[in-house]
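Undergrad: What follows is a single structure, and I will ask about it in a moment.
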Amino acid sequence: MTTITSHDVARLAGVSQPTVSRALRDDPRVSPATKEKVRKAARALNYVPSEVGRSLSTRSTRRIGVIVTDLTNPFYPHVVAPLHDELESLGYRMMLLTERSDEAVAEENLLDQSLDGVVLATATTDSRLPAQLDRRDIPYVFLNRDTGRAGDYASVVDNEGGGRLVAREIAALGHRRVAGVFGAANTTTGRERELGFRLALADEGIGLPEDGVVRGPFEYDTGYRALPRLLDAAQRPTAVFCGNDVVAVGVLNAARAAGLRVPEDLTVVGFDDLPMASWEVLRLTTVRHDLPELARQAARLLVRRITGDADSAGERLVLPTEFVPRGTHGRPSA
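Numbering (UniProt numbering) for the sequence shown: 1 to 334.
This is the structure:
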């Protein structure tokens with residue numbers, strides 16, 4: 001079996017072997033046109049650079065770890081794919097690291113420092129993993145969730161602004177009995193979406209009673225189990241804002257089980273605008289942001305951290321949100 005080498009790539013691309021090595025490392029001394037020519041040649045020959053040899057010469061593995069502790073959530077496949085593609089275009093290989101907790105991932109996969117950087121996709125505000133990465137001098141960025149502290153490097157969404165959008169739309173429809181099924185209290189996405197929702201409701205003179213609030217993981221079961229509790233509250237809601245689309249699907253199914261009509265008896269609004277939200281069977285009213293760009297800008301930010309081009313004080317890149325009206329919201333019937 002013939003082994004393809006960087007010399008073969010050099011011959012096909014019409015450049016020198018050192019130029020191939022520099023181009024595949026995304027060396028700034030190589031022009032974009034030459035880099036693209038080399039990459040096309042490498043793809044044509046199915047050439048895979050030797051990570052061992054590269055690591056010895058550059059102390060760089062060109063590998064990025066992506067930590068996801070909740071693969072059952074439909075949200076993450078929609079960010080992992082564009083994240084992979086963007087990292088690949090920047091000359092890095094992605095490794096998906098999955099465990100039940102961030103700490104378990106660190107213990108099993110990061111101690112050998114075989115990664116150039118890490119994307120934290122399911123971080124919580126009380127996670128110890130960022131501090132562990134800092135101690136090992138491993139660059140990292142937060143994707144979707146961060147710690148909420150100054151100095152983070154993160155690609156996130158305007159969660160508070162999205163929560164405000166929902167509250168204003170619900171109030172404009174005439175709802176005054178409102179409930180929320182939010183994310184866990186140790187997630188910035190959960191906290192910020194709830195905060196924006198509460199603040200905008202207050203601006204409209206609408207209260208959010210404590211028995212009208214449920215917090216939990218961003219999972220289907222959270223929504224399904226929450227709705228019966230909310231329906232038994234002193235103030236039975238006519239509208240429910242959900243921390244994400246997956247939770248909203250749980251609420252929708254619980255409403256169907258309870259014999260409620262949506263939106264005639266209950267307005268339900270999600271967050272994220274996952275592709276399934278637009279399915280005809282759901283037609284979920286929700287809050288949209290650019291999921292692929294959320295992932296792509298995380299990849300670019302991490303590479304800038306690795307190369308030393310990121311702001312030393314931290315960078316928090318925030319994507320805007322918009323309200324997407326579909327079929328699960330309407331005026332209260334009573």
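Yeah, the Cβ is synthetic: ideal placement off N, Cα and C, and Gly gets one too. Computed from a predicted model, the values in this text were never measured in an experiment.
In three-state DSSP terms, what is Gly-53?
TA: Note that Gly-53 scores 47 on pLDDT, short of 50, meaning its location in the model is unreliable; the coordinates nonetheless yield the value given after this. Three-state DSSP puts Gly-53 in a helix.
Undergrad: Label Ser-57 either buried or exposed according to how many other C-beta atoms from any shown protein chain fall within 10 Å of its C-beta, with 16 as the threshold for buried.
TA: Per-residue confidence for Ser-57 stands at a pLDDT of 46, beneath the threshold of 50, marking its modelled position as unreliable; no derived number is given.
Undergrad: Give me the Cβ distance between Tyr-140 and Val-156, rounded to the nearest whole Å; I'm assuming they're in contact under 8 Å.
TA: That belief does not hold up - the Cβ atoms of Tyr-140 and Val-156 are roughly 14 Å apart, past 8 Å.
Undergrad: Closest to Leu-252 by CA distance: which of Val-181, Gly-162, Asn-46 is it?
TA: When each option's Cα is compared against that of Leu-252, the closest is Val-181.
Undergrad: Would you call the segment 226-242 and the segment 296-306 in contact, with 3 or more CB pairs under 8 Å?
TA: Verdict: no, contact absent.
Undergrad: Helix or strand or just coil, what does DSSP make of Tyr-153?
TA: Tyr-153: strand per DSSP, three-state reduction.
Undergrad: Note the first and the last residue of the continuous alpha helix (DSSP H) segment covering Gly-117.
TA: Looking at the DSSP string, Gly-117 is not in any alpha helix (DSSP H); the run it does join, the beta strand (DSSP E), is 117-120.
Undergrad: Taking Cβ positions, are Phe-241 and Val-269 nearer each other than 8 Å?
TA: Yes, the pair counts as a contact, with Cβ atoms nearer than the cut-off.
Undergrad: Could you say which of Pro-325, Ala-184, Ala-42, Asp-311 lies nearest to Ala-13 if we only look at CA atoms?
TA: Ranking the options by Cα distance to Ala-13, first place goes to Ala-42.
Undergrad: Cutting at 6 Å between CB atoms, please list the residues of its own chain near Val-213, excluding the five before and the five after it.
TA: Once the five neighbours on either side are set aside, the close Cβ partners of Val-213 are Gly-180.
Undergrad: Kindly indicate which three-state DSSP category Thr-189 falls into: helix, strand or coil?
TA: Here Thr-189 sits in helix by DSSP.
Undergrad: Between Ala-23 and Lys-35, which are expected to be in contact by the criterion C-beta below 8 Å, what is the C-beta distance as a whole number of angstroms?
TA: Confirmed, about 5 Å.
Undergrad: Please name the residue in Ala-185, Leu-199, Gly-207 whose C-alpha comes closest to that of Val-178.
TA: Among Ala-185, Leu-199, Gly-207, the Cα nearest to that of Val-178 is on Gly-207.
Undergrad: Are there 16 or more other CB atoms within 10 angstroms of the CB of Arg-296, so buried, or fewer, so exposed?
TA: Burial call: buried.
Undergrad: Mark Leu-111 as exposed unless 16 or more other C-beta atoms lie within 10 angstroms of its C-beta, in which case mark it buried.
TA: Residue confidence for Leu-111 is low, a pLDDT of 48 falling below 50, so the modelled location carries little weight; the figure read from the coordinates is stated next. Flag for Leu-111 reads exposed.
Undergrad: Arg-261 by DSSP, collapsed to three states: which one?
TA: DSSP places Arg-261 in coil when its eight states are reduced to three.
Undergrad: Could you give the DSSP three-state label for Gly-314: helix, strand or coil?
TA: Coil at Gly-314, not helix or strand.
Undergrad: Considering only their Cβ atoms, is the gap separating Leu-319 from His-289 smaller than 8 Å?
TA: In contact: His-289 and Leu-319 (Cβ atoms closer than 8 Å).
Undergrad: To the nearest angstrom, report how far apart Val-9 and Arg-62 are at their CA atoms.
TA: If I take the Cα positions, the gap works out to 19 Å.
Undergrad: Would you be able to state if there are at least three C-beta pairs under 8 Å between the segment 186-198 and the segment 147-164?
TA: Verdict: yes, contact present.
Undergrad: On a Cα-Cα basis, can you pick out the residue from Leu-294, Arg-225, Arg-145, His-329 that is closest to Lys-78?
TA: The residue you asked about is not Lys; residue 78 is His in the sequence shown. Comparing Cα positions, the closest option is Leu-294.
Undergrad: Within the same chain, show all residues whose beta-carbon is closer than 6 Å to that of Ile-260, passing over the 5 residues directly before and after it, in chain order.
TA: Here the sequence assigns Leu to residue 260, which means Ile is not the residue at that position. Hits under 6 Å: Leu-266.
Undergrad: With the cut-off set at 8 Å, would you say Thr-122 and Asp-70 are in Cβ contact?
TA: In this structure, Asp-70 lies closer than 8 Å to Thr-122 by Cβ.
Undergrad: If you draw a straight line from the C-alpha of Leu-129 to the C-alpha of Glu-315, how long is it?
TA: C-alpha separation (whole angstroms): 19 Å.
Undergrad: So what's Gly-196 in DSSP terms, helix, strand or just coil?
TA: Helix.
Undergrad: Under the rule that 16 or more other beta-carbon atoms within 10 Å means buried, what is Arg-135, buried or exposed?
TA: Arg-135 should be labelled exposed.
Undergrad: Taking Glu-322 as the reference, which of Arg-283, Asp-273, Ser-333, Trp-279 has the closest Cα?
TA: Ranking the options by Cα distance to Glu-322, first place goes to Asp-273.
Undergrad: When DSSP labels each residue in this structure, what does Val-68 get in the three-state scheme?
TA: Three-state DSSP puts Val-68 in coil, outside helix and strand.
Undergrad: Relative to the alpha-carbon of Val-246, which residue among Arg-164, Gly-65, Phe-75, Arg-39 has its alpha-carbon at the smallest distance?
TA: Comparing Cα positions, the closest option is Phe-75.
Undergrad: Would you list, in sequence order, the uninterrupted beta strand (DSSP E) runs of no fewer than 3 residues that lie entirely inside the segment 124-183?
TA: You should have 140-143, 153-157, 178-182.
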